[in-house]
Every structure is written in structure tokens, then in C-alpha cells.
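Just below is one structure, and these are the notes that go with it.
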Amino acid sequence: MPATCSACCASPAALRRPKTGHALCRACFLAAFEEETHRAIVAGRLFRPGETVAIGASGGKDSTVLAHLLQLLDQRHGYGLRLLLLSVDEGIAGYRDASLAAVRRHHRRSGLPLHVVSYRQLYGWSMDRIARHLGPRNNCTFCGVFRRQALDRGALLMGADKIATGHNADDVAETVLMNFLRGDVGRLRRGAGVGPAGGEGAVPRCKPLRHAYEKEIVLYAYFQGLDYFSTECVYAPQAYRGYARALLKDLEAVRPSSVADLGHSGERLLLRSDLRMPSRGTCQRCGYVASQTLCKACVLLEGLDRGLPKLGIGKHRRLRDKLRDGQPLTQEELRHLGAPAEGEPPEEQEPQGELGTDKEPWGRRELRGPQDLNF
Amino acid sequence: MCQAQEQYGGCGWPQGRPRVGCAQKCMKCKEASPVLVIRVGDAFCKACFREYFVHKFRAMLGKNRAIYPGEKVLLALSGGPASSSMLRQVQEGLSRETAKKLRFIPGIIYIDEGAVCGQSLAERAETLLQMETILQASGFPYHLAHLEEVFDLPSSILQHVPHNPAGPKNSYKEAVEGFIRQQRQEEGGGPPLPERHIQEKLAEFCMQDVPRTEGLATVQTEQLIQLFGSVKTLTAKEELLQTLRNHLILHTARAQGYSKVMMGDSCTRLAVKLLTNLSLGRGASLAMDTGFSDDRHGDVVVVRPMREYAAKEIAFYNHLFGVPTVFTPALDTKALEKASIHRVIERFLYGLQAEFPSTVSTVYRTGEKLSATPGDAGLAPGAAEPERCLLCSCALDTNVEDGSALQAILVSEQLSQQRLPAASPAGRGCCQGAEEQRGCCTNTTAPGADARADFLPLLCYGCRLTIKDMTCLESLPLYVRSEAERRKRRALMKLEIQEFLLEDEAVNPGES
Ligand SMILES: [Zn+2]
Ligand SMILES: [Zn+2]
Ligand SMILES: [Zn+2]
Ligand SMILES: [Zn+2]
Ligand SMILES: [Zn+2]
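Going down the list, the sequences are from chains A and B.
Here the working numbering is used: the first residue of the first sequence is 357, the next is one more, and so on.
Here the working numbering is used: the first residue of the second sequence is 5, the next is one more, and so on.
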């Protein structure tokens, strides 16, 4: 015999909520999920009337549900927002075709304006071209770093006041685990902040679904008949996050509340006050948040442009400093940074910048990136 | 290959195998041939390894200046490798020449948990016999306790007792000097060393008072089994067992005048504990739960001097120097691999360690960067004593902040069991009607739900999860239930007189 919905005590239950274990009917679940998102937005003071909000739209379930909910709640509660969809095209052949098609369908159905910005446009490099330089490993570093900035650069281009992303409670829990496993204290502290966390770029960010379980987002999309494209980054298989994700799935199987429990833990972590935190300045080249002279994206680009693609990956600070100070690198050091071995022709013709002949921290080179944006 | 190593495979010690070339010499004495490699390139001979190991223990205690000369220290012995090795370190330290000698007065506690770990009475007696042989051989006074004894604990065990302010940090040096002066006088023909005297006295006292399995009240064993039977998940059982064990150790410490308790958590174990507790929602108390020094109880401070030894290192030491250990089954020995959060984390961490040899030490070091002192949380030093969890005595982490995960959970729970405002004209859920209660709303039967509703506000986030996994709170020991009652009454009282109180930190004599 099917259970009765514990919210209305009338209809038969259609699902058991992963988050609370309650059996609910379809209508009560949808209503609860929408109301919870609304309350999270209000409690976190995520938006102000009149703001233009760029929704990071990947075509996946999280951003599709987010776009749907924000439009619905804006109408229902009169937030007074100007919403738009913002998509990033990394330039991976075939990879975005299906997901961008899903975003376009959502755009047509919802009537929300859509903007697509490409890596080529923003950085001068497509992911496929980067992959040809690097081989199969490490690509996710690039696409992760570039993607984070791409939204910022795109949002600025459109005059948005805020970026809303579809990060959910599972993402938050994974991040807590991952930062702990990697000893990333700076991120642990930042993750601890409650409420509208300021982004790393020029445009503030918010995550209205940060307390929503991934499974409930799927349930919501399913019951609402929302159409999305599910995909993983094709360059992601070796990413460290995979371990955290697998662990979270196991934990959730043992105790379903683990997702929220990790979120709670992350918010309450207390770091010692005498720790030296990495200083956070801005990138000299593009204005993005950076702990060193250049932001991660600009270092990665620098490496690509010099034919030393691994320059921005891992702990090569000594070599970076050497380059910056105009000291020549040995053959071995160059190889260490991913330069082709001696005698082996470079795979693709790239300008080999002269080392350290200028006052600019990385030697003479063109200012890269979206020059039409006022960074 | 040594058996001890294989037993603890995959944890904490990447280069544990003695892959030693015959040409190589011990890196310390440059003479003897090495028997093991600690880190890459660090090959030790047996004698130097022992010196390194013993020194590390003394250095840990010295660095933290936690233990005063002449202080009574209770060693919590489980029979496992780490705590057994800790006992050996204390023995080594006490037998050293004066300059390097440890200067505290040790005692040992062993808790027999056989009742909840599936041991028969005969098996428990057998384990106890083995333990007692080790305890007697140590020459230290010792206390054997059965987990059943939690049913006799007083509810005062759950109360925070402020630390005697006579020993602030800056007087540590004076205390040491005073102690040495006193000792010198005594060596000049005075009465026997006070520590020796007390030790002998204590040993006498303990021997007569040892509880045996024969004397065990079967009623209490049944009560205990019933208590654990009312816990639905292995995760919550593990947590409950830890809580009860800690209470029993604390009680023994208080009753016998020990002001420190030493726990044998190794680096590897602490890494597991850090990730486990993180996953159990105990982020706020991680530093307390895993730090060197844990003063949540106030008067009795828990210290963890084995925290920088990897499990493999300990296993190797025990093997080389014949440290006796006793195998006791754990709560989950027979359980499936993914039966509890504890098991899942352990398996995950050991697996990752095999792939990335720095995993355990990275997690451990992350833990070291956490803060346990509320001063770091922005509380003024003179602020009122924080409200503490009934079960684990950590500061409550359940204040609801706007936009927090906790708030979101409470909203979800509320919206899932009550008519939504839009759908319900009366604006209240059906559960107010007593008749319908059983049929549709949650799994609450009237009396149990009441007890639970009274209980939850007294608990931290993590302990709430444990209690939520229990079907019946009636089987909790009396000391827990009566302290809960007392706190509830005090809270009500405070509510009544609130308007007359000038400050929030006003009198709370029972707790602070
Ligand atoms: Zn319903
Ligand atoms: Zn990727
Ligand atoms: Zn930059
Ligand atoms: Zn040696
Ligand atoms: Zn607690």
C-alpha cells in the first residue's frame, strides 16, 4: 500500500524526499521545493529589485532548473529582476552541440534572452587547441579556470549585476571534502562564509540552489517535465574532484543526510586566527582576483603562448619566478614545463616569446584577453 | 615481510618497507646496518629507530607543555597497537635518566566493551585475563571497567567543571623547577619519592577493587544490549559507543583524581576521524575532537600524544620491540564494508593513500589548522561559558543563521510535514489533530516524539543525528535522561525570569 503524502495527508505519496526522508505527493514536493528556494533567496538576501542577473546556463539539469525557478519565483514573488541566460562555448568539437541546443530550446520556451561567449572570443584559444598542446592530462585545470572567468567576462559584457550559478548541495559537500583532502585552507575559510558570497571576479555571484540536493533537482526536473542535457566534461576523467564525488555517493548511501551534514560542517569550520592566508590582490593583466601578480588564467595563457603549457599547472613557482626575472631556463626545466624535447619539432607553430626583456612581469607579450572589456 | 606491517597495509607510511641496500648505513649513527626506512632516504638501525620513536613522544609532550610534573595521568588503553605503544612510551619515559625523565604519575584504564561487540561472557573473561596480564606487568595502577557501568554514572558527569585556575600556562616552568628542587631535597636522605609512594598506594587500592565478569549484573548487560538494539544504524551505534566510553573514562578520571587522560590516536586514526566527523556534521568541533589537547570537560583534559605517529610506524615499533597487544572485536567487525560512515571513510582514505602517499598527512595537517578556542571565533575572552551539548560536551553549533545549511534543513522538514500555507486554509497542519497522528505524519508515536522533541535542543548538530537514529530514548542510561530533565527545567526557569535578567551571561551556577 502506498504511503500518504505527509504534507497534505490526502494524496498518495509519489516520492520519498532524499533530503528529509518524507513521503510526498507530486504537488506537495514541487510546492515545497519552490518555497524552499524562495526562502533561501530571501534569507540569503541574494537579489535586489532592478538587478540584471546572468544565469550561467550549461544546458545541464542544475542550471536548467535554476533558470526555470528564478523565472517562476520572480513572477510569483515580484523580485523585479531582469534575467538572462549566459552560456560559454569552450570550443570542444561536438561537446557543446547538444548542450547548447538544450539551452537554445530553453531560451525559446522561456523567452529569456540568451548570450553565448566562446573561449576563442575571450582567450584566443579553444579547448581543443589547448588539448592538442597538452595531451589528455591537465585539461580540466584549463577548462575549470577559464570557465570561471568566462562567466565573469561574459556577464560584464552584458552589463549584468550578478551571476547566478546552479551549484547544488552536493557540489558544496564535494567541495568541502575536496578542500579538506587537499589542505586548501584558503578555500575552506571562504567556503565557511554564509550568505551571498562575493565572487572572485568583478561580478558578484550567488548560488540559489546551494542547499538543494542534486537528486531533488533531478526529481523536480522530472516532475516538471523540464528538458535538459546531461553531460560531464570530456576532459574531466582524472580530476581530483572525482574522488570526492565517489566518496559523497557512498556516504549518502549510508546516511542520506550526509550531503547537508557536510554543508553544515563546512559552514562551521573554525580556522586558527594565526594562519597566514594567501593575500588576494587583482591580476595585473586582466583585473581578476589573484594571489600573485597574474591570475591563474593569465598564467595558463602565458604558458600556452610560450609553448610551455605546464607553466601554470602544479608547483612551478620557482620556474615562474625565474622566467619573470628574465633568467634563462635549462633544457630540463623547459621540458619540465611541457616544452617539446630537443630535436622533436614543436607540434604546432606558436610564437616563442623572448624571455624577460621588458618591464612587464612576464616579459614582452601582447595584452591578452578581452580588450574591449574594461578590466 | 613482517606481519605487523601487512596488517596495517596502506596507511600513513609510504616507504614503510625496509628496502635497504646492503651498502647503506643507518642515517643516524652511520654505523649499524638499517632495519627500516621511515621516509625516502631515512634508514634507521634498530637502536636509532627506538631512540627516534621515544624522543618523538617526549618532544610532543614537551612542545605542548600540557602535563605538569607530579600530575596524575590516566592512559586509556584499548589493547590496540597505538595505545599499547603509548603505554610503552610512558614506561620508557619514566625509566629514563633524570634529565629526560617524564615526571607525571600514570595510571591505566581499560574498558571492556564485549557486551556490544558480540562477545560471550567466556570470551570477555578471556580478553580481560590477557589485558590484566599486560596491566599488571606495567607496574602502574590500573582500572578495569565494563561498559555496563555507564548505567551507574551520576548525571554530574555531563556537567562542565571549570578548570582549577591554579595552573595557567606561564607557570609551567616554575612548576618544573619547583618539582626538581623538591626532588633534590628528597634524594638527600628524605622520605621516598612522593610519586612512588602514591603509586604504591594506588596500586593497592585498585587491585582490591577490580570488577570481574563474574560480578557483572546480567540485568545491566541486557540493558546495554537493549540500548544498542534501539539504535537503527551502525553509524549511530559507533557514535553512541564513543560517547559512553568517553563518559566512563571521564568518570574514572574524576573519581580517582586524574587531571589528564591520554588517548592513543595515531596520525592515521586522526585523519580518519577528521573526515568521519566532517561527514557527520561535526565541523564545529573537529579541532576539539582531534587536537592535541581537548578541554571540553574543564577539569579533566584529554591529550593525544601519539598524533604524529603513522599507524605503520607504530606497527613496526611494536613488532621490533615486542609490545604486547590484545585483539578485541570492534562494534562493526562483522559488518559489511559500507555499513557505516566510519567504515566508508576508512576504506576511502586507505584506498586514496595507496594511490597518493601523502593523503593521510595532508588531511592531518589540514586538521592542525583548525581552531578549538572560541577566542578565535570572535567571542570575547570574558564571555559567558557557551552552552554545551548534553552528550559530547562540545559548544552547541545549532544557532540558526540566515542562509545557512541548518536553516535550509529546518525549512525542508517543516514544509514536508505540514500543509503548505497556500494549500491549507487554517494555516496549520493535520498533525495537530491527535487522531490522524499515527496515520500520516512522520514516524512519531506520541510519547517517543515528546521525549525526542525535548532532547534535540540540548544536542549539537552531530549528536542530533545520532539520537534521530534511535527508535526509543527510554533505554538511554538514567544519568543522560535526568541531566536532560534538569537542563530543560533550567531553560524553562530562565524563560520565566528572562525579563529581569540584565545580561545574557547572568548566573548559571549549575553549568559554568
Ligand atoms: Zn501532498
Ligand atoms: Zn573540465
Ligand atoms: Zn588575469
Ligand atoms: Zn643507527
Ligand atoms: Zn554533541
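Built from N, CA and C at the ideal position, the CB exists for glycine as well.
Residue i Cβ short of 8 Å to ligand 4 heavy atom set
{"i": "B:C121", "result": "no"}
{"i": "B:F48", "result": "yes"}
{"i": "B:K316", "result": "no"}
{"i": "B:A51", "result": "yes"}
{"i": "B:K32", "result": "yes"}
{"i": "B:P38", "result": "yes"}
{"i": "B:E35", "result": "yes"}
For residue i, the first and last residue of its enclosing beta strand (DSSP E)
{"i": "B:Y146", "result": "146-150"}
{"i": "B:Y114", "result": "109-116"}
{"i": "A:D445", "result": "438-445"}
{"i": "B:K472", "result": "Premise fails: B:K472 lies in the alpha helix (DSSP H), 465-472, not in any beta strand (DSSP E)."}
N-terminal and C-terminal residue of the alpha helix (DSSP H) that residue i is part of
{"i": "A:K375", "result": "No alpha helix (DSSP H) holds A:K375; DSSP gives it neither H nor E."}
{"i": "A:A410", "result": "Taken as a continuous stretch (DSSP letters only), A:A410 belongs to no alpha helix (DSSP H), being part of the beta strand (DSSP E) at 408-412."}
{"i": "A:K571", "result": "570-580"}
{"i": "A:R566", "result": "Looking at the DSSP string, A:R566 is not in any alpha helix (DSSP H), and its letter there is neither H nor E."}
{"i": "A:A460", "result": "Strictly speaking, residue 460 of chain A in this sequence is Arg, with Ala absent from that position. Counting along the chain, the alpha helix (DSSP H) containing A:R460 begins and ends at 451-466."}
{"i": "B:R494", "result": "482-501"}
{"i": "B:K3", "result": "Chain B is shown from 5 up to 516; residue 3 of chain B falls before or after that span and cannot be answered."}
{"i": "B:K264", "result": "It is not in any alpha helix (DSSP H) - B:K264 instead sits in the beta strand (DSSP E) that spans 264-266."}
{"i": "B:T131", "result": "125-142"}
{"i": "B:A250", "result": "With the sequence shown as reference, residue 250 of chain B is identified as Asn, and Ala is not the correct amino acid for it. It spans 238-260 - the alpha helix (DSSP H) in which B:N250 sits, taken as one unbroken run."}
Contact test: residue i Cβ vs ligand 1 heavy atom, cutoff 8 Å
{"i": "A:S367", "result": "yes"}
{"i": "B:C464", "result": "no"}
{"i": "A:A363", "result": "yes"}
{"i": "A:C384", "result": "yes"}
{"i": "A:L426", "result": "no"}
{"i": "A:C381", "result": "yes"}
Cβ-heavy atom distance, residue i to ligand 5, below 8 Å
{"i": "B:S397", "result": "yes"}
{"i": "B:L394", "result": "yes"}
{"i": "A:C562", "result": "no"}
{"i": "B:C467", "result": "yes"}
Heavy atom of ligand 3 within 8 Å of residue i beta-carbon
{"i": "A:Y644", "result": "yes"}
{"i": "A:L478", "result": "no"}
{"i": "A:L654", "result": "Residue identity differs from the one stated: residue 654 of chain A is Cys in this sequence, not Leu. A:C654: yes, Cβ under 8 Å from ligand 3."}
{"i": "B:L151", "result": "no"}
{"i": "A:C639", "result": "yes"}
{"i": "B:C532", "result": "Since the first residue of chain B shown is 5 and the last is 516, residue 532 of chain B is not available in this structure."}
{"i": "A:L507", "result": "no"}
{"i": "A:C499", "result": "no"}
{"i": "A:L667", "result": "no"}
Threshold first: 4 residues or longer. Then list the alpha helix (DSSP H) segments lying entirely within the region 475-518 of chain A, N to C.
475-479, 483-490, 495-513
Short-range partners of chain B found in the region 534-545 of chain A, where Cβ spacing is below 9 Å
N535, F536, L537, R538, G539, D540, V541, L544
Interface positions of the region 458-472 of chain B facing chain A (Cβ-Cβ less than 9 Å), listed along the chain:
Y465, G466, L469, K472
Give me the subset of the region 277-298 of chain B whose CB atoms are less than 9 Å from a CB atom of chain A, sorted by chain position.
L278, L279, N281, L282, S283, L284, G285, R286, G287, A288, S289, L290, A291
Using a beta-carbon distance cut-off of less than 8 Å, what residues from the region 350-374 of chain B approach chain A?
F352, L356, T363, T366, V367, R369, T370, K373, L374
Listed in chain order, which residues of the region 610-623 of chain A have Cβ atoms closer than 8 Å to some Cβ of chain B?
V610, R611, S613, S614, A616, D617, L618, G619, H620, S621, G622, E623
Could you tell me whether the region 398-414 of chain A touches the region 365-378 of chain A, using the rule of 3 or more Cβ pairs below 8 Å?
no
Are the region 264-277 of chain B and the region 154-163 of chain B touching by the rule of at least three beta carbon pairs closer than 8 Å?
no
Counting only Cβ-Cβ distances shorter than 7 Å, please list the residues of the region 385-402 of chain A near chain B, keeping chain order.
A387, A388, E391, E392, R395, A396, A399, G400
Do the region 45-62 of chain B and the region 234-245 of chain B touch if we need at least three Cβ pairs shorter than 8 Å?
no
With 7 Å as the limit, tell me which residues of the region 400-413 of chain B have their beta carbon closer than that to any beta carbon of chain A; keep them in chain order.
D401, E405, D406, G407, S408, A409, L410, Q411, A412, I413
Chain A contacts from the region 221-250 of chain B (Cβ-Cβ distance under 8 Å)
T237, T239
Does the region 384-398 of chain A touch the region 502-516 of chain A, meaning 3 or more C-beta pairs lie closer than 8 Å?
no
Quick one: which residues of the region 509-529 of chain A get their C-beta closer than 7 Å to a C-beta of chain B? List them in chain order.
none
Check distances from the C-beta atoms of the region 360-371 of chain A to those of chain B and list, in chain order, the residues that come in under 8 Å.
T360, C361, S362, A363, C364, C365
What are the uninterrupted segments assigned as beta strand (DSSP E) that are 3 or more residues long and contained completely in the region 28-94 of chain B, given in chain order?
76-81
Using a Cβ cut-off of 9 Å, which residues of the region 313-347 of chain B contact any Cβ in chain A, in chain order?
K342, A343, S344, I345, R347
Pairing CB atoms from the region 645-663 of chain A with CB atoms from the region 321-339 of chain B, are three or more of them under 8 Å?
no
Which parts of the region 290-353 of chain B are runs of the alpha helix (DSSP H), unbroken and 4 residues or longer, counting only runs that do not cross its ends?
290-294, 315-324
Pairs of beta-carbons, one from the region 444-455 of chain A and one from the region 470-482 of chain A, closer than 8 Å: are there three or more?
yes
The region 108-120 of chain B / the region 285-300 of chain B touching (three or more Cβ pairs under 8 Å):
no
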